[in-house]
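The block underneath contains the structure these notes are about, expressed in structure tokens.
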Amino acid sequence: MGRLLSLIVILGLAYGGLYVVYGMSVKDDVEQALADVGLTALEVQGVDYGPLAPLSTEATISADVNYQGASATVDLRLQGHPLFSDKIRLELNGLQALRLTIGAGQ
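The numbering used here applies: residue 802 is where the sequence shown begins, and numbers increase by one.
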């Protein structure tokens, strides 16, 4: 019973690490894709993806981007695995939310 519990804990830690590294890699890939189309002024605040996304080669990702006083959530479709594939493809699915901040001093 102790070995099974140890195995479960080790697998959980390994998957947790994979999940975090996957998120960092996806964020870097989104930033690179935006830079490739000339949108270097956009800042990627974070990415959101499903709990099983690191286990598949296709995933739906939501990226929060900011530009000066405006922020938006963009839905993206990822094909390929950012950690294990040489080539990945990001496709824009749509704009989920657009938020404007008026009169806020930064």
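Backbone N, C-alpha and C define an ideal beta-carbon position, used for all residues, glycine too.
Rounded to the nearest whole angstrom, the CA to CA distance from residue 869 to residue 902 is 9 Å. In the DSSP secondary-structure assignment, residue 867 is bridged to 844 and 872.
A residue is called buried once 16 or more other Cβ atoms fall within 10 Å of its Cβ, and residue 855 is buried on that count. DSSP lists 850 and 877 as the bridge partner or partners of residue 862. Residue 858 and residue 880 do touch by the CB rule: their CB atoms are close to 7 Å apart, below 8 Å.
Taking the CA atoms as reference points, residue 844 sits about 20 Å from residue 861. In the structure shown, the three-state DSSP call for residue 813 is helix. DSSP links residue 818 through a beta bridge to no other residue.
CA-CA distance, residue 812 to residue 818, rounds to 10 Å. When secondary structure is reduced to three states using DSSP, residue 839 falls in the coil class, being assigned neither helix nor strand.
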